[in-house]
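Heads up, the sequence shown stops at 462 in my numbering, and the numbers go up one at a time, no gaps. For each residue, glycine too, the CB sits at the ideal point set by N, CA and C. Here's the structure we're looking at; comments come further down.
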Amino acid sequence: MKFEVTILGSSSATPIFNRNPTSQALNINERLYLIDCGEGTQQQMLRFDIKASRIDHIFISHLHGDHYLGLVGLLSSMHLNGRKKALYLFGPAHLKEIIDLQFKYSETTLQFPLEFTAIDAQKSEVIVNNSDVIIETIPLDHRIACTGFLFKEKKRLRKLIKEKLEDLNVPVEYYTALKRGNDYTSASGKVYKNDTLTTDSQAPKSYAYCSDTLYNEQYFEQISNATLLYHEATFLNDMLDRAKETHHTTALQAGEIALKTNAHKLLIGHFSARYKTLNELLDEARSVFPETELAIEGKTFAIE
């Protein structure tokens, strides 16, 4: 099953000449999920061939402009392009008020259902549970209410050992039950344990998206063992006081978080506009956690 994330924006606060505000497109089994929608997201989607028509879920972490100011424009384009199917939007409660006000004064009535779910930033809860993935909110510690999102792949069915099934003449109609972990009882009454006829499938993968937050161990348990951890790394550690003041994280701290939570790989982003090049941020995170990459716009990262 495909599980990958494409970076659309990786800048904090304001865009600069080669970086846009935060946005990511997550592909899970060919379903697209948009995470945050900063200014310029539509152009980045066009640039990197992310089709808006394939997006059915949008998640907004919080109401600082660099994470949502591209949303109304995207919704407008979906409307103008004739979208009819429902769009599921998750974010802070006041986001709906902002959207309604924009469309009220532009006298726009969307031609598709916009199903909004308000997020409680004080607790973790499951907000999506479909055939591919379970999506949970992650309470974070920012200056305003802010949540991250944890995408957990559903456990896959077990793999059949076809040679053994054929040797035992197991009827095909039993295959589904075997994939689900059931034992097999032959016509003679002999019971064959499931693990003698099947093998375990690949362990479910996960993607933890940690938006703007102060270093805070309260969310560490929830994101533990992430296949890929995205964590903001707004500043170098020599700006630690500034990071604390603005409720952000440094690159060094992001590396420490990945190490402490046993992440398989770390992806850092949300870079301050003060940094024209990003090598120092990468080096700082890698000094603690070598399996670190930069959230470079247009780059797609496989979650595996």
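According to the Cβ coordinates, are residue i and residue j closer than 8 angstroms?
i	j	result
T172	A431	yes
K262	I292	no
L387	L425	yes
H422	E449	yes
Y246	D290	no
L190	R212	yes
T199	L238	no
Y365	I256	no
E455	Q202	yes
L166	N178	yes
Could you tell me which residues DSSP pairs with residue i in its beta bridges?
i	result
Y388	Y367, L425
E273	Y246
T356	L318
Roughly how many whole angstroms lie between the Cα atoms of residue i and residue j?
i	j	result
L398	I302	19 angstroms
A279	Y367	14 angstroms
K209	N327	47 angstroms
L253	L221	7 angstroms
P250	L272	15 angstroms
F309	S346	45 angstroms
F429	D299	18 angstroms
T407	D370	8 angstroms
F393	Q411	10 angstroms
H225	E197	8 angstroms
H405	I216	24 angstroms
A443	A401	15 angstroms
I319	T356	5 angstroms
S344	L336	13 angstroms
L440	I174	19 angstroms
Q360	K281	30 angstroms
E403	G240	45 angstroms
Could you check if residue i is buried or exposed, using at least 16 other CB atoms within 10 Å of its CB as the buried criterion?
i	result
K363	buried
L184	buried
A244	exposed
D325	exposed
S264	exposed
A276	exposed
S168	buried
S170	buried
S445	exposed
Exercise for the section: Jot down the residue ranges of each uninterrupted beta strand (DSSP E) in the segment 170-209, minimum 3 residues, whole runs only, in chain order. Expected result: 181-186, 189-195
Handout entry: Unbroken stretches of the beta strand (DSSP E), 3 residues or longer, contained in the segment 281-333
Key = 284-287, 291-297, 305-311
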